[in-house]
Ligand SMILES: *Cc1c(COP(=O)(O)O)cnc(C)c1O
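In my numbering, the protein residues as written are 12 to 401.
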């Protein structure tokens, strides 16, 4: 605490982050070490990014081998890793084409561009409205702030991009009504609202929205930035709802710790983006994509079954546990509503050797998908004790 890194961070880094008082220096799997050599069990995986933990051997081998061959070529040329990853994504989702970027916000920007162009091509350029949900989170660019249905992200940054309206989650009638009052290009939602407190949408609502979008030639965009890549217990969270979206955006865990965003385009929209319509200098970077290929290969049915088993264990452990008012989420993406303030509980967890984070007023748990059961059990006990002692 109060080491040189922390002191100089406060001096030189823009003050956007209210960091927890830990300087992380290294890790292995689901264990992290700080600058004083203290060990932690990692129940956050860098906000659902380190899908298979820290410095997984196979992943490390894949990215190092690619970095030693070619670290970047630009999108003016063909490279193999991005094609390999795109093919895997399409084969496992039924989507048809992929655009690569570097982050979740960018993946969503591309989703909106594709949806707008699809609507302009099929219905006319005045069909541009994107309906998103209240309590959603879609990123930090000015347009994705506008998409995000939480007022406090909007304050201070007006004027925001026009063309986004927000519907109350679980109110299907309101959603339909908004499509009548606004010429709509797309409905965009997270099946589990992550930053909104880890809240899963109901089967009824998501299915009804998907059916309505399909019947009315409105693009259905699912933001899988946080929920994707095995986190929900299926490869993508929409697969828990038995729907087929038109556009899927993802990032966070896709490349296991390197910056990579992907926007997948389904049948109806696969050809809307043509030469010059979109681009990215870093997007589809070979090293990041080699990481993605390595991660995606490992997220097989066996690992997904394990994710669901671990999820069930966590739900059972925390339900009806002292000081916990609600357990929400899906797969290894879990929210704990505690009677004590979440930030205080998380600080106590960190003191006791478990790294977890918050989402609104909840404690948020996002362990690596392959966290060993023994560590998961140990972390759950420490979290329970920390809730009592916070
Ligand atoms: C994190 C997140 C984003 C933004 O991703 P960045 O990589 O930070 O731009 C967008 N949507 C959802 C659902 C997210 O959880």
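Glycine included, each C-beta is placed from N, C-alpha and C at the ideal position.
Bridge-paired residues (DSSP) for residue 344: Answer is 341.
Residue 345 and residue 338 closer than 9 angstroms at C-beta: Yes.
Whole-number beta carbon distance between residue 274 and residue 109, since they are thought to touch under 8 angstroms: The Cβ separation is near 7 angstroms, so the contact holds.
Validate contact between the region 388-398 and the region 230-238 using beta carbons, cut 8 angstroms, 3 pairs: Cβ pair count under 8 angstroms is below three, so no.
Contact test: residue 263 Cβ vs ligand 1 heavy atom, cutoff 8 angstroms: Checking every heavy atom of ligand 1 against the Cβ of residue 263, one is found closer than 8 angstroms.
beta-carbon residue 58 near ligand 1 non-hydrogen atom, thresh 8 angstroms: Under cutoff, so the answer is yes.
Contact test: residue 234 Cβ vs ligand 1 heavy atom, cutoff 8 angstroms: Yes; taking the cut-off as 8 angstroms, the Cβ of residue 234 has a heavy atom of ligand 1 nearer than that.
Terminal residues of the alpha helix (DSSP H) in which residue 25 lies: Careful: residue 25 lies outside any alpha helix (DSSP H) and carries neither H nor E.
The region 268-284 contacting the region 116-130, beta-carbon criterion three pairs below 8 angstroms: Touching, yes.
Assigned exposure category for residue 25 - 16 Cβ within 10 Å defines buried: Exposed, since its Cβ has fewer than 16 Cβ neighbours within 10 Å.
Near ligand 1: residue 91 beta-carbon under 8 angstroms from a heavy atom: No, the Cβ of residue 91 stays beyond 8 angstroms of every heavy atom of ligand 1.
Cα-Cα separation between residue 284 and residue 125, rounded to whole angstroms: Each residue's alpha carbon lies about 6 angstroms from the other.
Whole-number beta carbon distance between residue 239 and residue 247, since they are thought to touch under 8 angstroms: A Cβ-Cβ separation of about 5 angstroms places residue 247 in contact with residue 239 under the 8 angstroms criterion.
Segment limits, alpha helix (DSSP H) that includes residue 189: It spans 183-192 - the alpha helix (DSSP H) in which residue 189 sits, taken as one unbroken run.
Residue interval of the alpha helix (DSSP H) (run including residue 216): Counting along the chain, the alpha helix (DSSP H) containing residue 216 begins and ends at 214-226.
Nearest candidate by alpha-carbon position, reference residue 440, set 100, 259 and 84: Any property of residue 440 remains undetermined from this structure, which presents the chain solely from 12 to 401.
Own chain residues within Cβ distance below 6 angstroms of residue 139, not counting five before or after: Result list for residue 139: 127, 174 and 196, in chain order.
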